[in-house]
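To start, the structure itself, in structure tokens.
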Amino acid sequence: MITDKLLEDFIKIEVKQNNKLSDRQSRWDFTYHMKESIANLGYMESPYELSWQLTNRCNLNCNYCYAESSIDDTTNELSTEKCHDLIEQFKRYKIYDITLEGGEVFLREDILELIEHLKENGIFIDILTNGFLISEKIVEKLGQLLDRRVDGIQISLDFTDQEGIHKQLKLIIKNLILKGVNVRVNVVLTKENTENLKKIYLQTYELGVRGGFSVSDILPIGRGKKVEKPSVEEMFKSYIDIKKMEFEDLPITSSPFIIESLSNYQDIFNKIKRNSPNVKRKICSAGKVKVNVASNGDVYPCVFLQYPEFLMGNINKKSLYDIWHSKKAASIRKKLTVNTCIGCSKKTFCPGGCIGVAYALHKNLLYPDSRCLKNYHG
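This is the structure in structure tokens:
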């Protein structure tokens, strides 16, 4: 049960964090707010932000993986030559904010070559990885290539135990930081690690991580559909425990589930809104500001909308620019402009949901996110 004391603690913590937003206006903060503004107006001449799944292969087999990655999945990966061609398109069409993800990106033998090309073209990059394949050679090269002011690497702590962070990862994280790489950490809350979140956060700080510490929940997409999530109460308690001890130089980013869970308590959420002007409703920017390129070259509005009906094109057949401005892309954007929330009495304080999650569960964009406050499905 979420007690009044637990909620009051949360309010104090959330208000304090949101009022500090202007004090640490990072590139990610700026991008987030800019995307929302543009998504309200229409779509950009070319995508501002692009997520690029370089591979669907992965050395791990997490039971909650939304991408359903596996070590054997080599389905039509783009060749090195085609990847270089795509990077030139990024420069030509002024796409300067790229997230590299997988699968596990460091399974590609050409990964350092591709990162070097991206940086030569002045592109900001964010690398998502589980970290286990980052050798000393890779650490050295990343230290030379990445600019900690605009580039970053996120280590997903997918395997933790009673001792906290895996020993191998501790060494890799330390070495990256020693080479000047801006490292942040993400933890997906599961039934197994919820009670250890405080220990994981402390260890992250002791390792020297200062790029950020984020907490996310299991999405009901891919293998995540079959995984039992921690209860809202368990997630609240673990989150508040670490927020109480938050270090100024290692900010904790709450996941949407925290706000969406809290929104069931309208009076309390309204208190946060009154005291914290930076709490805003989320606007989906899929297909308007951001786009996703899958490992085989397929282009989708978002990594969570990889279905045939949302396929905008393939970069093996057309340029990214032509795909972005195609009639098919325009038709998909129109589909994604859903108005389900317009008449909802809770829309003034609900931060909104994810249409990708809704579609994964119901194959209907008009259905709500499974975390919808009204809790209806039709």
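If you count by the working numbering, then the sequence shown holds residues 131 to 508, one letter each, in order. Each residue gets a CB set at the ideal place from its N, CA and C atoms; glycine is no exception.
Just list the residues that DSSP pairs residue i with in beta bridges.
i    : result
K79  : Limits of the chain in this structure are 131 at one end and 508 at the other, which puts residue 79 out of reach.
N316 : S286, S344
T383 : S344
D227 : E179, F254
V419 : The partner list for V419 (beta bridge, DSSP) is empty, contrary to what the question assumes.
D428 : N444
T259 : I285
Return the chain-ordered list of same chain residues with a C-beta closer than 8 Å to the C-beta of residue i, the five sequence neighbours on each side being excluded.
i    : result
E205 : Checking the displayed sequence, the identity of residue 205 turns out to be Thr instead of Glu. Closer than 8 Å at the Cβ level, and outside the excluded window around T205, lie N186, S425, N426.
Quick one: is residue i buried, meaning 16 or more other Cβ sit within 10 Å of its Cβ, or exposed?
i    : result
I201 : exposed
D281 : buried
T229 : buried
Y331 : buried
A460 : exposed
F366 : buried
E363 : exposed
H247 : buried
S286 : buried
E322 : exposed
What is the rounded straight-line gap between the Cα of residue i and the Cα of residue j?
i    : j    : result
A488 : Y497 : 6 Å
F236 : L263 : 6 Å
K221 : I253 : 8 Å
G338 : G310 : 11 Å
K452 : I370 : Reading off the sequence shown, one finds Asp at residue 452, where the question assumed Lys. Approximately 47 Å, taken between the alpha carbons.
L258 : K457 : 32 Å
I255 : Q274 : 14 Å
L495 : K464 : 11 Å
E336 : S181 : 30 Å
C213 : E243 : 10 Å
Does the beta-carbon distance from residue i to residue j come in below 9 Å?
i    : j    : result
Y223 : V357 : no
N312 : R279 : yes
L272 : I245 : yes
E207 : R238 : yes
V315 : S361 : no
V419 : Y178 : yes
G261 : L299 : yes
Who are the near neighbours of residue i in its chain, counting only those whose CB is closer than 6 Å to its CB and skipping five residues on each side?
i    : result
L435 : G486
G233 : T185, N186, R187, C188, S199
What does a CB cutoff of less than 7 Å around residue i pick up in its chain, not counting 5 residues either side in sequence?
i    : result
P350 : V487, A490, L491, S500
R353 : N193, Y194, C195, E198
I462 : G417, P431, F440, M442
G294 : N326, K329, I330, Q333
Establish whether the CB of residue i and some CB of chain B are separated by less than 9 Å.
i    : result
Y451 : As a matter of chain content, chain B is missing from the structure shown, which is built from one protein chain.
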